[in-house]
Amino acid sequence: MFYIHVMIEESSNVLYETAINIAHIVNSGTFSDLLSEVANDKFSNRKIQVFGREKKKDTWTMLQDGLDDYLQALVQLNFKFVKFLLEHIEPQEIPQPVLQNANVILMDNARQLFFPKKLSRGNSRDCLYNDLIDLLKEKGGGWPAGCENTRGKVFLEHLSSAIWYIDPHIQLLKSRSCYIPSLFQQLPKYKSDSIYNTYYFKTHHKKEKLSCQKLLEHCKSIEYSASEIWASRKCWLEIIPEVFNLAIMMRKYAEHLQKSLQLTNNAHYSTELVRTPSKHCKLKIILGSLKIDSKYEELEKNLANRELYDFIEISEFLPSECIERHRWIIQLKLSFSICLYRYKKVYPCCKTCKELGKDHFTQIEIKTSKMRVKKRPLE
């Protein structure tokens, strides 16, 4: 048997001390094997120095090769004591969390911008609402915490409702020089030359016409929301003017509808003709013919006794039936050339006609068409 005294130290502190029989490894083992026998590779990742001495009173002698030195050195130097000295590791300081000032935290939170939650029903109107949120985020807009679900939500609802109302009529508005502001032309559907409200294009329902009253209501709602205090924040400086431009465009078309309605009402209640032969007529030259129908004899006798270029109303010569009147005019031929003037005579419309609308008014214009003919020298 070959017993030695083994100790493990770190900074003058004895971590482990024991006596161990090394007879089975003394001939071929190293001090690294000895350390494994004692500490079970617990300190394998540490830098270690090896010392030895013969007696307890002797000073420690460091072995130059350390853990790689062979245990035969103990026999040759007659060492009975072995010390493994671990290199001291300074404890790492745990960084203390930096405590921020409460006022700084409140200011940072006040600067953060928030948006209402997106809608998840998946229809086209919700798609427009969600695209507006993405567009405003991209342009740097937003609301302080707590305002996004109140004032912010109301603003987005007013804005999306206004765009949804005029969406099916984009082309009509363009034809009247009323263009959507450039900001909203960046919406995904408009960038791809499409629209959001396709209800009237996918169904057989008649498209609802733009109403002056509804346009003004939408204008007032978005102008009211865009005039609140949050809209004066720096992040909205590029967005709010475009919102007002949208309201201005809608108001412009509403004024156009009002003027058109006023002109129509003036024509309905006027005692003067809107159309006159001198300004609103169509001229047709009918050359003379050798063969004439007997139904035109009365007209020909009347014209034969008149001077050249003398006008005459032909309403008294027309048949009473509508289809016969049409054929009478189409088949008109006399023995000399004539000029046929046709114009629409518009009388003040009655209440019934006003209620029936434009289509009925157009039929009345056609039925009350006036015809004038004048004698023309035969060429």
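Heads up: the sequence shown at position 308 corresponds to 737 in my numbering, and the numbers run straight through without jumps. Just so you know, even glycine gets a beta-carbon here, dropped at the ideal spot from N, CA and C.
- No Cβ-Cβ contact shorter than 8 Å links Phe630 with Ala655.
- In chain order, Thr459, Phe460, Ser461, Leu464, Ile477, Val479 place their CB closer than 8 Å to the CB of Leu496, counting only its own chain and leaving out the 5 sequence neighbours on each side.
- Under a 10 Å Cβ-count criterion, Glu577 is classified as buried, with 16 or more other Cβ atoms of the shown protein chains found around its own Cβ.
- Apart from sequence neighbours up to five positions away, the residues of its chain that approach Leu444 with a beta-carbon distance below 8 Å are Ile437, Glu438, Leu515, ordered along the chain.
- With fewer than 16 other CB atoms across the displayed protein chains lying within 10 angstroms of its CB, Ser473 is exposed.
- Rounded to the nearest whole angstrom, the C-alpha separation of Leu616 and Asp563 is 9 Å.
- Inclusion of Leu686 and Leu732 in the CB contact set at 8 Å is not warranted, their separation being larger than that value.
- The three-state reading of DSSP puts His685 in helix, counting H, G and I together.
- In this structure, DSSP gives Arg540 a helical state, which the three-state scheme calls helix.
- In the three-state reduction of the DSSP assignment, Asn559 falls in the helix class, which pools H, G and I.
- Counting only unbroken stretches of 4 or more residues, the alpha helix (DSSP H) elements lying wholly within the segment 562 to 612 are 580 to 595, 599 to 604, in sequence order.
- Take the alpha-carbon of Gln529 and the one of Leu561: they are about 36 Å apart.
- Contact between Arg482 and Phe513 is absent: CB atoms are separated by about 13 Å, not below the 8 Å threshold.
- Burial check for Val511: the Cβ neighbour count within 10 Å reaches 16 or more, so the residue is buried.
- The secondary-structure analysis by DSSP pairs Ile715 across a beta bridge with Ile767.
- Boundaries cannot be given for Val455, as no beta strand (DSSP E) includes it and DSSP labels it neither H nor E.
- Ile624 and Lys618 have their C-alpha atoms spaced approximately 6 Å apart.
- Ile668 and Asn559 have their alpha carbons spaced roughly 17 Å apart.
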